[in-house]
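**Student:**
Residue numbers (the numbering used here): 1 to 121.
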């Protein structure tokens with residue numbers, strides 16, 4: 001399929017190793033990359049983690065603190081973080097509601113495994 005509406009994409013709400021408590025995710029998968037809308041709620045704090053996929057995080061709403069390697073920065077709407085594959089990083093929501101569009105390349109196997117268990121939207 002080539003066209004999508006986020007409202008029609010299954011929403012993962014259950015905390016798991018790839019999704020911290022206080023966050024939801026909707027994912028669209030391509031051949032070599034995946035696109036995720038993450039919504040974070042107050043007091044979200046994601047422990048440092050890393051994955052082989054490189055990641056672009058585009059903040060759409062609210063403010064989020066990113067720590068990438070040893071560098072920390074607060075980003076707001078319209079700002080982008082780039083996280084190279086294999087680099088430890090963490091996030092923290094700073095507002096009541098935060099929405100971030102994430103692009104992962106290549107597709108993350110842990111997220112693909114979660115998608116296999118989600119009911120359609």
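Backbone N, C-alpha and C fix where the C-beta goes; we use that ideal spot for every residue, glycine too. Given the structure is predicted, the values throughout are model-derived calculations rather than measurements.
Under 9 Å between the Cβ atoms of residue 10 and residue 115?
**Tutor:** Yes. Within cutoff.
**Student:** Buried or exposed: where does residue 98 fall if 16 or more other Cβ atoms within 10 Å of its Cβ makes it buried?
**Tutor:** Buried: at least 16 other Cβ atoms inside 10 Å.
**Student:** Run the CB neighbour count on residue 96, radius 10 Å, all protein chains shown included, and call it buried at 16 or more, exposed below.
**Tutor:** Label assigned to residue 96: exposed.
**Student:** How big is the Cα-Cα spacing for residue 33 and residue 83?
**Tutor:** Whole-angstrom Cα-Cα distance: 15 Å.
**Student:** Please report how far the alpha carbon of residue 39 lies from the alpha carbon of residue 69, in whole angstroms.
**Tutor:** Going by the C-alpha atoms only, they are around 23 Å apart.
**Student:** Output needed for residue 85: all residues of its chain with C-beta closer than 6 Å, excluding positions within five of it in sequence on either side, in chain order.
**Tutor:** So the qualifying residues of the chain are 52, 53 and 54.
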